[in-house]
Amino acid sequence: MSAISRRTLLKGSAVTAACFSLGAGLAARSRAAPSPLLLKAQFIDAKLANDAVTPKLMTYGTVDAAATGMPPVIRMRKGETFAARLLNGLDEPTTIHWHGLRIVNAMDGVPEMTQPYVYPGDSFYYAFTPPDAGTFWYHPHCNTLTQMGHGLTGVIVVEDPADPVFDAEVVINLRDWRLGKDGTFLAPFKPRDAARGGTYGTIRTANWQQEPIYDAPAGGLVRVRLAATDVTRIYTLGTEGAAAMVIALDGNPVVMPFPIDRLDFGPGQRVDLILRMPDMEGTLVRLGNFRGSSPWTIATLRATGPSLKRDLRDVKPLPANSVQEADLSVAERIPLDFTATAEHAPAPGICGTLGYTFWAINKVPWPGDTPDPVAPLSELKLGRSYVLQVRNRTPHAHPIHLHGLSFRIINSNKRTMLPPPTDTILLLPDEQAELGLVADNPGDWLLHCHIIEHQKTGMSGYFRIA
Ligand SMILES: [Cu+2]
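Just so you know, we're using my numbering here: the sequence shown kicks off at 74 and counts up by one.
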């Protein structure tokens, strides 16, 4: 496999070509009305494991028969308008949510809340301006356990012209699949597991491949962008064979890059690393998951060519995104308790219910993506500061994601090091934390666990900002 250098990416991908055309020639005109990237949600057959072909995977975009079939890595520019047309080639309604992007509510992709369902054969036009650079991702917000579980998760890279330049970049879409031995999909979940940590896949992949190998220049500095797009799995990331520093978490640069050692990140979260390749050609660097008792390889980087002899200290810091800091002296406190709840069946919804209720926020289980949503968790005043007092009263970790806003973890009974602003906190068992935010984006914004079984069996709600 060839090196995925920045140059190659810019030249090689159809997606980038589409994005790139925005900046070329008719710059002034296309800035106002960029030609949309076509994202066709569709079925394909592809090989994910050994010899078995999996029929009816779901993906986005133009599928290149020679490629894996994975949804494209979408490249955007910070502060520049991006546009895409979702065309629904599936046999059920869908939408696209742009995870982590602080964009206008009408583009957030939550059916019944921010937009209508996009029915089979119909289109929806998305256009927005990403305010932050970093690593993000996209997925449906409709019948998500099936649609995401069957393939509809893609990575977004938002570039900043002021980003430091690396010798290579590797983008990794990290996820599992629940497949039987014949390659066909198993039931998406087991109720018994949904009421615990979630149901795991049977096949683990990086970029829809098992343990892929990527070439990178020997002695070079590689930016590795990882997005955990799985519906269940929490990863403990580590590297072997090279020095690596964490430079950004969930899209935002860390103030002081730190050696990775072992880093937990859950569904919905992203990690950006800078890795210094070994000098000797052919040397392998392993990115692994070290969670649990038997670590396994996510992907391998192979040093190629003569050493570039770079130094990790050569890298300039990433430019910060401008996220407003909450004024803690006046911030209103909002308690949010995440709990298990007594089981009962929710009302069926067009966008899929799992038929169970296991979880709740402030004792209220979300009834599912129904046309009659429950009241907001809280109504926030536009521009005001708030502190969410989150308490995990369960023995399981929950990656809690807030749409449309970034928040900062102010304190926690389970952490010594606090990350940069984020859209997703991996709330640890029995963790109590305070999250500061400024309600600077009007609209209805979901807050939910990104273990999709938890989300779909009650651990969901929303804030209204006006
Ligand atoms: Cu959860």
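Don't be surprised by glycine CBs; every beta carbon is placed ideally from N, CA and C.
In terms of residue numbering, what span does the beta strand (DSSP E) encompassing residue i cover?
i: lysine 120; result: 110-122
i: arginine 406; result: 405-413
i: leucine 507; result: Checking the sequence shown, residue 507 turns out to be glutamate, not leucine. That run of the beta strand (DSSP E) goes 505-511.
i: aspartate 345; result: 343-349
i: proline 438; result: Segment: none, proline 438 is in no beta strand (DSSP E) and carries neither H nor E.
i: isoleucine 371; result: 369-377
i: threonine 356; result: Careful: threonine 356 lies outside any beta strand (DSSP E) and carries neither H nor E.
i: glutamate 313; result: 308-313
i: tryptophan 518; result: 516-522
i: aspartate 323; result: Here aspartate 323 belongs to no beta strand (DSSP E), and DSSP marks it neither H nor E.
i: isoleucine 538; result: 533-538
i: phenylalanine 338; result: 336-338
i: leucine 294; result: 294-301
i: arginine 277; result: 276-279
i: proline 449; result: No beta strand (DSSP E) holds proline 449; DSSP gives it neither H nor E.
i: proline 290; result: 286-290
Do residue j and residue i come within 8 Å of each other at the CB atom, strictly closer than that value?
i: histidine 527; j: proline 502; result: no
i: leucine 475; j: tryptophan 518; result: yes
i: proline 467; j: threonine 412; result: Here residue 467 is threonine; the residue named in the question, proline, does not match the sequence. Cβ atoms of threonine 467 and threonine 412: closer than 8 Å.
i: leucine 544; j: lysine 529; result: Here the chain comprises residues numbered 74 to 539, so residue 544 is not present and cannot be evaluated.
i: histidine 209; j: valine 244; result: Note on residue identity: the sequence assigns phenylalanine, not histidine, to residue 209. Not a contact, by the Cβ cut-off of 8 Å.
i: aspartate 240; j: leucine 112; result: no
i: glycine 339; j: leucine 461; result: no
i: asparagine 280; j: threonine 141; result: yes
i: proline 234; j: alanine 156; result: no
i: alanine 315; j: leucine 336; result: no
i: leucine 346; j: isoleucine 320; result: yes
i: threonine 167; j: alanine 200; result: no
i: threonine 132; j: glycine 224; result: yes
i: alanine 376; j: methionine 350; result: yes
i: valine 540; j: proline 493; result: One cannot answer for residue 540 here, as it falls past the ends of the chain, which runs 74 to 539.
i: valine 183; j: histidine 212; result: no
i: glycine 477; j: arginine 150; result: no
i: threonine 226; j: proline 144; result: yes
i: alanine 506; j: asparagine 484; result: yes
i: isoleucine 473; j: threonine 497; result: yes
i: isoleucine 524; j: valine 304; result: yes
i: glycine 152; j: threonine 202; result: yes
i: glycine 509; j: arginine 481; result: yes
i: alanine 291; j: aspartate 352; result: yes
i: valine 238; j: valine 146; result: no
i: asparagine 325; j: asparagine 394; result: yes
i: glycine 531; j: proline 438; result: yes
i: serine 451; j: alanine 399; result: no
i: glutamate 164; j: alanine 206; result: Inspection of the sequence shows that residue 164 is occupied by aspartate rather than by glutamate. Their beta carbons are not under 8 Å apart, which means aspartate 164 does not touch alanine 206 by this criterion.
i: tyrosine 429; j: alanine 267; result: yes
i: leucine 248; j: phenylalanine 258; result: Sequence check: residue 248 is arginine here, not leucine. For arginine 248 and phenylalanine 258, no; Cβs fall outside 8 Å.
i: glutamine 342; j: alanine 301; result: yes
i: glutamate 313; j: arginine 277; result: no
i: phenylalanine 262; j: leucine 427; result: yes
i: valine 344; j: leucine 299; result: yes
Could you please give the first and the last residue of the uninterrupted alpha helix (DSSP H) stretch that includes residue i?
i: leucine 218; result: 217-222
i: isoleucine 525; result: 525-529
i: proline 548; result: In this structure the chain extends from 74 to 539, so residue 548 is not present and cannot be described.
With 8 Å as the threshold, decide whether the Cβ of residue i is near any Cβ in chain B.
i: aspartate 323; result: As a matter of chain content, chain B is missing from the structure shown, which is built from one protein chain.
Quick one: does the C-beta of residue i sit closer than 7 Å to a heavy atom of ligand 2?
i: glycine 531; result: Absent from the structure shown: ligand 2. Ligands present: ligand 1.
Query raised in the report: Among all residues, which have a Cβ less than 6 Å from at least one non-hydrogen atom of ligand 1, and in what chain order do they fall?
Result: His471, Cys522, Ile524, His527, Met532
Report task. Decide if the stretch 182-196 is in contact with the stretch 263-283; the criterion is three or more beta carbon pairs, one per stretch, under 8 Å apart. Result -> no
Query raised in the report: What are the start and end residues of each continuous beta strand (DSSP E) run of 3 or more residues lying completely inside the stretch 451-512, in chain order?
Result: 451-453, 458-465, 471-475, 481-485, 497-500, 505-511
Query raised in the report: Which ranges would you report for the alpha helix (DSSP H) in the stretch 122-162 if only whole runs of at least 4 residues count?
Result: Those alpha helix (DSSP H) runs which fall completely within the stretch 122-162 and span 4+ residues do not exist here.
Query raised in the report: Taking one C-beta from the stretch 190-201 and one from the stretch 157-174 each time, how about it: are there three or more such pairs within less than 8 Å?
Result: The stretch 190-201 makes contact with the stretch 157-174; the number of CB pairs closer than 8 Å reaches 3 or more.
Query raised in the report: Touching or not, the stretch 361-369 and the stretch 295-309, by the rule of three or more beta carbon pairs under 8 Å?
Result: yes
Query raised in the report: Which full runs of the alpha helix (DSSP H) of 4+ residues lie inside the stretch 165-249, going along the chain?
Result: Counting only runs of 4 or more, we get 217-222.
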